[in-house]
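Novice: What follows is a structure written as structure tokens; I'll ask about it next.
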């Protein structure tokens, strides 16, 4: 036993590739099946966590999968089924006999069955629903009916509900009898005579209480709950904030009709932060694990946003195009060299703030109506950031020019050369001459642009997500691409306005 | 009671600003204290979750805070203290009498005390440690000794450990006696004679088991565990993967010395995804909530990365500067107009992939050694993305030119005009003439550049995080700024190489 434990220890600790992370590999599993080693197979199910076996089994042939179900004890395969991926589940539904299916499906939680059925082709879904017993079918249909990403869709209907007049002893007996069907027995739910939800009892409080105490005496009254239409992001937030083990879900009539347990809440939190992270990088969130995405599924997460950005980029292109018309580039080509750096700085400074906003709004660290306070916070931070970064930029741009990393280049075409003539180490044209005398003026131009761009960018980076949230839109959805465009244009305009100020002869 | 419940319901459900989210406001709390309404205060502690009261109390004067501790029952203030922010805790440690402090501190968990003490000024920390009883002090010192962000630093030393020969009845008695001191009684830990950790027992299994059964018969043997040095990111991952309620932490001698409970794991997961998200937007992660950061603390998260990007931007500036030397801009100024859009596309396409990589590596969806498989996946997705986006770009750039959104601008300075002369609707210079005849050639140039930039960018976006992970660095740390720089330079070079191909007369 100890040896097996050592074996498993490798799972969590290895930082290596996927293969090493698995306590059992696909090959090992396949070998046990090929050799019809039922004892070995059963031993694996006793000692290796289901999720690890399921990962090894996901790619097995249906005949091998069904072999597992026919030879391992049902108590072990029930939770194993739940951990398999959608494809494997569907393959099993296709190949199992009606009797086998009835057994496997009714051993699942209604919420897990609903999740799986919701993504199955219609013929398989109806096979599963036919296999489900009456209660399960009712529950699954109820759950399927709620909108995706709401508490209703992620809750389970299997929980223990007691009258507040029930005694501790009665509650313990009920747990012994019906506890196995419930999703959790660590939190018990309590209603009053009028069937209103009034509190929860933690299992450990039952153990500490006297046997004849009514639940009303030991229950927690300071409980939080949500309704079926509560957004799942909010559900995750409640678990985080209140350190819950389970959360009550009420319907519109304020009756308790479901609960959400911490393991499902953890999945939701992960899903929500995956989603925010995808949005931050201008992607559509994926609805399955990355390694299971096809090339097309993977590609279609990206290109819509690349196209949106391309279209939004038209504004930048137009502005740059109009500036060209004013021949600023031609009188001072070095200006162009700093356009990408300035744009990157503006975009990044705003992106930092947008990131904070998106995350803070998602975690409810603040609400959209706090925008003025946050603006003020970001304004102060932006000014400090701008001063430091711009001072550094002044120094750095001076160094770049002095060391020759960046050179003031004058076209050598004869016609053009008449306008600006390179003459040893100095320029003779008025514009270029002014410039040569003012390496520092140019560094100051870049620095000033940077300062203004950083401050403006932080302000816009604050406003866009707050605006989205105030309009009840996902702040992560539009903020990032909008910011890029707005800041590209803004930075260009600031830069060239500054250039005209610093080099008046050019304007 | 029902009414109070309705009151609280507002907490989770309102999407509004912070003020409304609170079940009790600072003003309400202050009023209770000012009116010395002890009964009202006690009622609040019975019906409002501690975290909500703590948030209202965080900004109270120390004298008001201490009033709460002196008038509310100790059983309620213990957990309330834990939810206060660091400033409020420190204020209390300063103002409490020795006796009060002893009571409050010893009612805390050792891990929470360690977290607080670790950030206190030395004089306050030593006051707390003096107030702690011997066991608590030992535990706190032990926990303080582990490196930040490891399992050792987040674990708690208060858990129930039984011999595998103990009976169910003995275990239940032990829970009744010592359970309140443990962080959780939902998971019990089991060792064998040689003090090796051999399994866990869930509390509900105790209820279902026979009273005289030894724990060895009912315990789970397929358990996972970590060591004190395991990174907290990995801890979060184990909770997610194995749906744990509590996780065993072993020391180097393989003995169980602590446990991590799900509520602490949830905090860790949130912290880790905050960190990844900060990195994705080129920021240093913050170690406290956003609203508590000072302007300077807020600013110093951003500017180091803005400066790094500025320095890295030198490469882009240099490349653009060298290209100017070849006068490509002057012969065909319209080229410049598309530089920002192309750079944004390249940066975004790579950023999407980097985001996937960082998240996938963090959640262990794959490991760094899977890089070849992922490269292949991203190459396929990149080609699809590139084809679609580039086709669209071809169309869009043609439209931009035909509608006059973007114009081919010819300088009007007389000297320059001799080189390229605008002549009604056609160009007379060879370069410009060729261009006017080939609006589509130019659209094709932008489209081809975009295709190559997207594919290259997705490849680099895959490699950088894998490389960082393979070198045991945080993939989120350097990938994003590096990618920006590499792709800015790469996009420029691709664009101008393509330009020379498409407009050979220019080269």
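Chains as they are written, first to last, in my numbering: chain A, 34 to 540; chain B, 34 to 540.
Note that CB positions come from ideal geometry on N, CA and C, so glycine has one too.
Could you give the first and the last residue of the continuous beta strand (DSSP E) run that contains residue 235 of chain A?
Specialist: Unbroken beta strand (DSSP E) run through residue 235 of chain A: 230-235.
Novice: Would you mind listing the beta strand (DSSP E) stretches within the region 285-340 of chain A that are 3+ residues and don't spill past its ends, in chain order?
Specialist: Qualifying beta strand (DSSP E) stretches, in chain order: 289-294.
Novice: Taking the alpha carbon of residue 473 of chain B as the point to measure from, which residue in B/293, B/254, B/389, B/424 has its own alpha carbon closest?
Specialist: For residue 473 of chain B, the nearest C-alpha among the options comes from B/424.
Novice: Can you tell which of B/523, B/119, B/279 has its C-alpha closest to the C-alpha of residue 380 of chain B?
Specialist: Comparing Cα-Cα distances from residue 380 of chain B to each of B/523, B/119, B/279, the minimum goes to B/523.
Novice: Buried or exposed for residue 414 of chain A, please, with buried defined as at least 16 other CB atoms from any protein chain shown within 10 angstroms of its CB.
Specialist: Residue 414 of chain A is buried by the Cβ-count criterion.
Novice: At the 8 angstroms Cβ level, is residue 146 of chain B part of the contact set with chain A, yes or no?
Specialist: By this cut-off, residue 146 of chain B is not an interface position.
Novice: Have a look at A/395, A/345, A/155, A/224 and flag the residue whose alpha-carbon is nearest the alpha-carbon of residue 247 of chain A.
Specialist: Residue 247 of chain A has its Cα closest to that of A/224, out of A/395, A/345, A/155, A/224.
Novice: Starting from residue 244 of chain A and walking both ways along the alpha helix (DSSP H), at which residues does that stretch end?
Specialist: It is not in any alpha helix (DSSP H) - residue 244 of chain A carries neither H nor E in the DSSP assignment.
Novice: Against chain B, does residue 350 of chain A count as a neighbour if the rule is that its beta carbon must be under 8 angstroms from one of theirs?
Specialist: Yes - at least one Cβ of chain B is within 8 angstroms of the one on residue 350 of chain A.
Novice: Shorter than 8 angstroms from the beta carbon of residue 212 of chain A to some beta carbon of chain B?
Specialist: It does; some Cβ of chain B falls within 8 angstroms.
Novice: Do residue 493 of chain B and residue 519 of chain B count as a contact pair if the criterion is CB distance below 8 angstroms?
Specialist: In contact: residue 519 of chain B and residue 493 of chain B (Cβ atoms closer than 8 angstroms).
Novice: If you drop the 5 nearest sequence neighbours on each side, which residues of the same chain put their C-beta closer than 8 angstroms to that of residue 139 of chain A?
Specialist: Once the five neighbours on either side are set aside, the close Cβ partners of residue 139 of chain A are 164, 165, 166, 169.
Novice: Take residue 149 of chain B and list the residues in its own chain whose beta-carbon comes closer than 6 angstroms to its own, dropping the five residues that flank it on each side.
Specialist: Only 122 meet the Cβ criterion.
Novice: Consult DSSP for residue 195 of chain A and reduce its assignment to one of helix, strand or coil.
Specialist: Residue 195 of chain A: strand per DSSP, three-state reduction.
Novice: In angstroms, rounded to a whole number, what distance separates the CA positions of residue 314 of chain A and residue 384 of chain B?
Specialist: Residue 314 of chain A and residue 384 of chain B: Cα-Cα distance of roughly 6 angstroms.
Novice: Just list the residues that DSSP pairs residue 253 of chain A with in beta bridges.
Specialist: According to DSSP, residue 253 of chain A bridges with A/233.
Novice: Beta-carbon separation of residue 78 of chain B and residue 324 of chain A under 8 angstroms?
Specialist: Going by C-beta atoms, residue 78 of chain B is not nearer than 8 angstroms to residue 324 of chain A.
Novice: Exposed or buried, residue 331 of chain B, counting other C-beta atoms within 10 Å across all chains shown (16 or more means buried)?
Specialist: Buried, because 16 or more other Cβ atoms sit within 10 Å of the Cβ of residue 331 of chain B.
Novice: Residues in its own chain within less than 6 angstroms of residue 232 of chain A by CB, not counting five upstream and five downstream?
Specialist: The answer, listed in chain order, is 223, 252, 253, 254, 256.
Novice: Along the chain, where does the beta strand (DSSP E) containing residue 223 of chain A start, and where does it finish?
Specialist: Unbroken beta strand (DSSP E) run through residue 223 of chain A: 220-224.
Novice: Identify which residue in A/521, A/507, A/526, A/116 has its Cα closest to the Cα of residue 318 of chain A.
Specialist: Minimum Cα distance to residue 318 of chain A is reached at A/507.
Novice: Can you find a C-beta in chain A that's less than 8 angstroms from the C-beta of residue 366 of chain B?
Specialist: Closer than 8 angstroms: yes.
Novice: Listed from N- to C-terminal order along the chain, which residues in the region 76-97 of chain B have their beta-carbon within a distance smaller than 7 angstroms of any beta-carbon of chain A?
Specialist: From the region 76-97 of chain B, only 79, 80, 81, 82, 84 have a Cβ closer than 7 angstroms to chain A.
Novice: Classify residue 435 of chain B: buried if its beta carbon has 16 or more other beta carbons within 10 angstroms, exposed otherwise.
Specialist: By the neighbour-count rule (16 or more Cβ atoms within 10 Å), residue 435 of chain B is not buried but exposed.
Novice: Use the C-beta contact count for residue 228 of chain B: other C-beta atoms within 10 angstroms, 16 or more gives buried, fewer gives exposed.
Specialist: Burial call: exposed.
Novice: Under three-state DSSP, which class holds residue 177 of chain A?
Specialist: Three-state result, residue 177 of chain A: helix.
Novice: Determine whether the Cβ of residue 323 of chain B lies closer than 8 angstroms to any Cβ atom of chain A.
Specialist: Yes, because at least one Cβ of chain A sits closer than 8 angstroms to the Cβ of residue 323 of chain B.
Novice: Who are the near neighbours of residue 480 of chain A in its chain, counting only those whose CB is closer than 8 angstroms to its CB and skipping five residues on each side?
Specialist: So the list reads 423, 424, 426, 427, 430, once near-sequence residues are dropped.
Novice: Could you name the residues of the region 371-384 of chain A whose beta carbon sits closer than 9 angstroms to any beta carbon of chain B, in the order they occur along the chain?
Specialist: Flagged, chain order: 371, 372, 373, 374, 375, 376, 377, 378, 380, 381, 382, 384.
Novice: What residue range is occupied by the uninterrupted alpha helix (DSSP H) comprising residue 524 of chain B?
Specialist: From DSSP, the alpha helix (DSSP H) with residue 524 of chain B extends over 508-535.
Novice: Any idea what DSSP makes of residue 412 of chain A, helix, strand or coil?
Specialist: DSSP places residue 412 of chain A in helix when its eight states are reduced to three.
Novice: Only counting the same chain, and skipping five residues up and downstream in sequence, which positions put a Cβ closer than 8 angstroms to that of residue 195 of chain A?
Specialist: 203, 204, 207, 221, 222, 223, 224, 234, 248, listed in sequence order.
Novice: What does the Cβ neighbour count give for residue 353 of chain A, buried or exposed, with the cut at 16 atoms within 10 Å?
Specialist: That one is buried.
Novice: Suppose you measure from the CA of residue 521 of chain B to the CA of residue 397 of chain A; what does that come to, to the nearest Å?
Specialist: Looking at the two C-alpha atoms, the distance is approximately 36 angstroms.
Novice: Under 9 angstroms Cβ-Cβ, which residues of chain B neighbour residue 228 of chain A?
Specialist: Result: empty, since nearest Cβ-Cβ is about 12 angstroms, beyond 9 angstroms.
Novice: At which residues does the alpha helix (DSSP H) containing residue 149 of chain B begin and terminate?
Specialist: Taken as a continuous stretch (DSSP letters only), the alpha helix (DSSP H) holding residue 149 of chain B covers 143-151.
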